[in-house]
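Colleague: If you scroll down you'll find the structure; I have some questions about it.
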Ligand SMILES: [Zn+2]
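Numbering (my numbering), first residue to last: 1 to 159.
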């Protein structure tokens with residue numbers, strides 16, 4: 001059975017309803033993290049960044065579906081990742097957030113504490129315990145969520 005045609009709810013606020021609206025509606029893509037990506041690593045001595053291209057894999061046995069228009073993850077998949085221990089990072093925009101693998105928040109907070117005590121930010125980030133965060137990050141847009149899903153999402157927040 002084919003899914004019903006739908007359009008991303010984030011089109012409307014930007015007046016894009018009549019602009020480049022694709023035939024057949026927007027889609028949930030299932031291959032967001034299966035291409036190649038450019039990564040940067042720290043070389044000896046500290047500040048030189050090395051660039052390399054490597055296959056992109058999602059750091060879990062499955063990957064969330066993503067809206068073809070705005071890049072927001074499917075709400076059911078966001079809630080499933082949270083149930084598996086993924087962590088919500090709220091943003092300054094109340095309708096947007098990010099999802100990170102288990103352990104990410106603690107790792108970042110440790111680096112921030114070291115920066116607060118004067119450590120060079122590049123060193124603090126390089127020395128933190130490695131948590132394989134996806135690139136691009138998993139984005140959460142509230143506009144894709146039903147009221148019941150939003151309630152469940154807010155229960156899973158760890159701020
Ligand atoms: Zn969308």
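Don't be surprised by glycine CBs; every beta carbon is placed ideally from N, CA and C. Predicted, not measured: the structure shown is a model, and the values here were computed from it.
Count the other C-beta atoms from every protein chain shown that fall within 10 angstroms of the C-beta of residue 6, then say buried if there are 16 or more, exposed otherwise.
Modeller: For the purposes of this step, residue 6 is identified with residue 6 of the chain shown, where counting begins at 1. Exposed.
Colleague: For residue 107, which of helix, strand or coil comes out of DSSP?
Modeller: As a working note, residue 107 is residue 107 in the chain shown. Three-state result, residue 107: helix.
Colleague: Suppose contacts are defined by Cβ-Cβ distances below 7 Å. Is residue 87 in contact with residue 104 by that definition?
Modeller: The residue labelled residue 87 in the question sits at position 87 within the chain shown. The residue labelled residue 104 in the question sits at position 104 within the chain shown. Taking 7 Å as the Cβ cut-off, residue 87 and residue 104 qualify as a contacting pair.
Colleague: When we look at the beta-carbon of residue 94 and count the other beta-carbons within 10 Å, is it buried (16 or more) or exposed?
Modeller: Stepping through the chain shown from its first residue, residue 94 is reached at position 94. So residue 94 counts as exposed.
Colleague: With DSSP as the reference, label residue 90 as helix, strand or coil.
Modeller: Your numbering for residue 90 matches position 90 in the chain shown. Correct three-state label for residue 90: strand.
Colleague: When burial is assigned at 16 or more other CB atoms within 10 Å of the CB, is residue 52 buried or exposed?
Modeller: On the chain shown, position 52 is the one that residue 52 refers to. Classification of residue 52: exposed, given that the 10 Å Cβ count is below 16.
Colleague: Going along the chain, which residues put their C-beta within less than 5 Å of some heavy atom in ligand 1?
Modeller: Any residue whose Cβ sits closer than 5 Å to a heavy atom of ligand 1 makes the list: 8, 10, 67, 69, 70 and 72.
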